[in-house]
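All remarks here apply to the structure that follows.
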Amino acid sequence: MKTMKKMMMSLLLVAGVIPLVSAQQSLSLDSCRQMALRHNHKILIAQQEHNAAGSLEKAAKTQLFPEISVNGVYSYMNKLSSYDIATPEMNLPVGSLAADGSWTITPDDTENTWVDLGNGTYAPLDSQGVPFDPTVNPEKLIISDWAYIPAIDTTLKIGQHHNFLGGVNVTQPIYMGGKIRELIKVAGYTEKISASTLQKAKSDIVYKVDEAYYRVLQVQQKVILATEAKELLEKIVADVEGYKAEGLVTQNEVMQAQVKLNEAKLNLVKAKNGLKLSKMALNQLVGLDITQPVILSDTIDSQIFRISNGDYSAQAMVHRSELNALQQGVNIAESQVKIARSRYLPNIGVTASYLFVTPNIYDSFEDNLGNDWNVVVACNIPIFHWNDRKHTLDASKHESMAAQLRYDEAREMIMLQVEQARQQCIVSAESVVLAEKNLLQAKENLNIHRDNLQEGMCTVNDVLQAEVMWQKAYDQLIEARAHNRVNYAYLENVSGISLK
């Protein structure tokens with residue numbers, strides 16, 4: 346019966362453990378990096394901004410091609426244009442056509458008597474029989490025939506109430522002083538800056554993931570340390586209580602050991618809580634629910650990360666996204682200088698249009714569709730504008746020099762940053778070696794004191810001090826190993842090779 350109960354308890358334990366294990370997600374450093382790169386909001390934002398910059402670059406290139414547009418206008422005119430063409434009743438003299446086709450009055454068209462004044466010149470006589478000049482006194486002419494024109498009272502109206510105008514326009518820049526070419530280059534440089542920004546966001550998140558991942562491994566080791574320290578102190582307390590029963594130690598020494606044990610239990614609780622919090626931080630970075638149980642597939646127990654013989658500074662000059670972005674900034678500033686210089690040059694463009702209009706202005710405003718086309722070539726040549734263009738060009742040149750200085754300064758700072766990271770890696774690797782030696786010595790020292798306590802050659806306080814030294818050496822080794830890995834990750838980050 347007891348055997349059956351034990352079997353049932355075992356089955357229940359296994360059934361409870363299997364779902365717990367299956368619910369946990371195993372994470373490697375590489376998988377954490379990939380998950381963070383897929384889910385980090387800053388990277389997603391940088392990716393969208395990079396896509397936007399790429400679209401703007403494509404938009405800039407379209408400025409080289411003609412712009413085609415279709416326009417249409419409809420208007421309703423309430424009142425039409427009108428012109429008063431009324432004429433009064435008139436009697437007009439009837440004349441003759443001269444040899445040159447002009448209208449004139451001949452002697453046959455008058456009832457006046459014409460006399461020869463000599464030299465073949467004739468003049469009409471007025472009612473008093475006196476000759477007169479008809480060009481000076483035309484009122485003295487007596488016209489034989491008159492044409493009667495009756496009065497006309499009318500108004501001419503032009504246009505229609507409904508008016509339509511439409512057309513197709515094609516505009517092509519011919520020469521703009523190089524502005525379009527440089528604007529396209531600026532758009533390309535801007536796209537490269539956005540690519541560098543995206544690259545930096547990825548590099549930074551990878552370093553943050555490395556930090557969080559190694560922090561979890563570090564705290565896991567501290568949990569192991571706290572557990573071993575608690576178990577060790579439990580053994581020491583048990584030994585001390587046994588020695589008290591034999592009269593080898595006092596009650597005060599037993600209480601000292603128990604106080605250390607209580608401190609170890611509290612340290613274990615703190616370590617477990619720290620592990621829980623560090624896993625939550627890692628989950629947040631990689632896009633998991635912060636309460637998702639995870640286990641890490643790596644450890645920081647043995648391997649020491651040492652720097653290679655490569656030139657990290659040279660790699661940083663090539664791969665650092667900040668330098669690439671600043672270089673594109675220098676290129677943009679140089680293009681701005683060329684754009685400012687292009688303001689001195691002429692701008693030439695051509696526009697061709699084909700239009701449709703009703704009423705037809707080409708057919709006496711008849712109600713039908715009229716059409717026409719035209720070609721316009723426009724040229725603008727700047728002459729003088731109170732040195733505005735000169736001052737703008739000077740400002741662009743100063744900005745270009747400032748951009749180059751910013752790039753040079755960044756190069757120097759990055760080289761310093763890489764060298765500092767390199768030295769930190771060297772120091773951290775040596776720190777791991779020394780910490781391993783210290784732990785071995787502290788462990789050996791603790792074993793000797795425990796043996797001496799058993800022989801009555803040292804006090805309980807000596808053993809507790811040895812245990813503190815061992816625990817401190819163990820903790821320093823954990824810190825050294827974690828710092829070694831984080832420093833190496835930082836070196837890769839500042840060298841621009843963390844994503845390689």
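Using this note's numbering, the final residue of the sequence shown is 845, and nothing's skipped along the way.
Note that the Cβ used here is the ideal one computed from N, Cα and C, for glycine as well.
{"Query": "Whole angstroms are fine: how far does the CA of residue 599 sit from the CA of residue 586?", "Result": "6 Å"}
{"Query": "Could you tell me the distance, in whole angstroms, from the CA atom of residue 414 to the CA atom of residue 407?", "Result": "14 Å"}
{"Query": "Express the C-alpha separation of residue 507 and residue 420 in angstroms, rounding to a whole number.", "Result": "6 Å"}
{"Query": "Curious, which full-length alpha helix (DSSP H) runs of at least 4 residues does the region 446-493 contain?", "Result": "none"}
{"Query": "For the beta strand (DSSP E) containing residue 718, list its first residue and its last residue.", "Result": "715-725"}
{"Query": "Excluding the 5 residues flanking residue 387 on each side, which residues of the same chain have their C-beta closer than 6 Å to its C-beta?", "Result": "546"}
{"Query": "Would you identify the three-state DSSP class for residue 356, choosing helix, strand or coil?", "Result": "Any reading at residue 356 must be qualified, since the residue scores a pLDDT of 38, below 50, and its modelled position is unreliable; no value is offered."}
{"Query": "Over what stretch of residues does the alpha helix (DSSP H) that includes residue 369 continue unbroken?", "Result": "Neither: residue 369 is in no alpha helix (DSSP H) and is coded neither H nor E."}
{"Query": "For residue 362, does the count of other Cβ atoms within 10 angstroms reach 16, so buried, or fall short, so exposed?", "Result": "For residue 362, the predicted structure reports a pLDDT of 39, less than 50, and the residue's modelled location is therefore unreliable. A value from the coordinates is still provided. That one is exposed."}
{"Query": "Considering only heavy atoms of the ligand ADP, does any lie closer than 8 Å to the CB of residue 374?", "Result": "Of ligands this structure carries none, so the ligand ADP is not represented either."}
{"Query": "Measuring CA to CA, which of 402, 774, 790 is closest to residue 651?", "Result": "774"}
{"Query": "Starting from residue 507, trace the beta strand (DSSP E) in both directions and tell me its first and last residue.", "Result": "507-520"}
{"Query": "Check this for me: beta carbons of residue 690 and residue 529, under 9 Å apart or not?", "Result": "no"}
{"Query": "Could you give the distance in angstroms between the alpha-carbon of residue 614 and the alpha-carbon of residue 381?", "Result": "30 Å"}
{"Query": "Starting from the Cα of residue 467, find the closest Cα among 452, 809, 473 and give me that residue.", "Result": "452"}
{"Query": "Taking 8 Å as the threshold, find out whether the region 512-524 comes into contact with the region 693-709 through three or more Cβ pairs.", "Result": "yes"}
{"Query": "Excluding the 5 residues preceding and the 5 following residue 714 in the sequence, name in chain order all residues of the same chain whose CB lies nearer than 7 Å to its CB.", "Result": "701, 703, 705"}
{"Query": "How many whole angstroms separate the CB atoms of residue 401 and residue 532, which I take to be in contact at a CB cut-off of 8 Å?", "Result": "6 Å"}
{"Query": "Measuring alpha carbon to alpha carbon, tell me which of 554, 403, 450, 686 ends up nearest residue 440.", "Result": "450"}
{"Query": "Please determine, among 663, 709, 505, the residue with the shortest C-alpha to C-alpha distance to residue 425.", "Result": "505"}
{"Query": "Kindly indicate which three-state DSSP category residue 772 falls into: helix, strand or coil?", "Result": "helix"}
{"Query": "Measuring CA to CA, which of 817, 824, 833, 835 is closest to residue 574?", "Result": "817"}
{"Query": "Can you grab the Cα-Cα spacing for the pair residue 536 / residue 552, in whole Å?", "Result": "25 Å"}
{"Query": "With residue 590 as the anchor, note down where its alpha helix (DSSP H) starts and where it stops.", "Result": "524-590"}
{"Query": "Assign residue 398 to one of two classes, buried (16 or more other C-beta atoms within 10 Å of its C-beta) or exposed (fewer than that).", "Result": "buried"}
{"Query": "Is residue 442 helix, strand or coil when you go by DSSP?", "Result": "strand"}
{"Query": "Who pairs with residue 700 in a beta bridge, going by DSSP?", "Result": "512, 717"}
{"Query": "Could you please give the first and the last residue of the uninterrupted beta strand (DSSP E) stretch that includes residue 412?", "Result": "412-421"}
{"Query": "Going by DSSP, which residues form a beta bridge with residue 605?", "Result": "Partner(s): none; residue 605 has no beta bridge."}
{"Query": "If we ignore side chains and look at the alpha-carbon of each, how far apart do residue 358 and residue 369 end up?", "Result": "Caution is warranted here: a pLDDT of 36 is assigned to residue 358, below 50, making its placement in the model unreliable, and the coordinate value is therefore given only provisionally. If you take the alpha carbons of residue 358 and residue 369, they lie about 17 Å apart."}
{"Query": "Please classify residue 455 as buried or exposed, where buried requires at least 16 other C-beta atoms within 10 Å of its C-beta.", "Result": "buried"}
{"Query": "Assign residue 840 to buried or exposed, taking buried as 16 or more other Cβ atoms, counted over all protein chains shown, within 10 Å of its Cβ.", "Result": "buried"}
{"Query": "If we count the other Cβ atoms within 10 Å of its Cβ and call it buried at 16 or more, is residue 352 buried or exposed?", "Result": "Residue placement at residue 352 cannot be trusted, given a pLDDT of 39 that sits under 50; the coordinates are not used to answer."}
{"Query": "What separation, rounded to the nearest whole angstrom, lies between the Cα atoms of residue 479 and residue 458?", "Result": "12 Å"}
{"Query": "From which residue to which residue does the alpha helix (DSSP H) around residue 682 run?", "Result": "666-687"}
{"Query": "Could you give the residue range of the alpha helix (DSSP H) that holds residue 823?", "Result": "805-840"}
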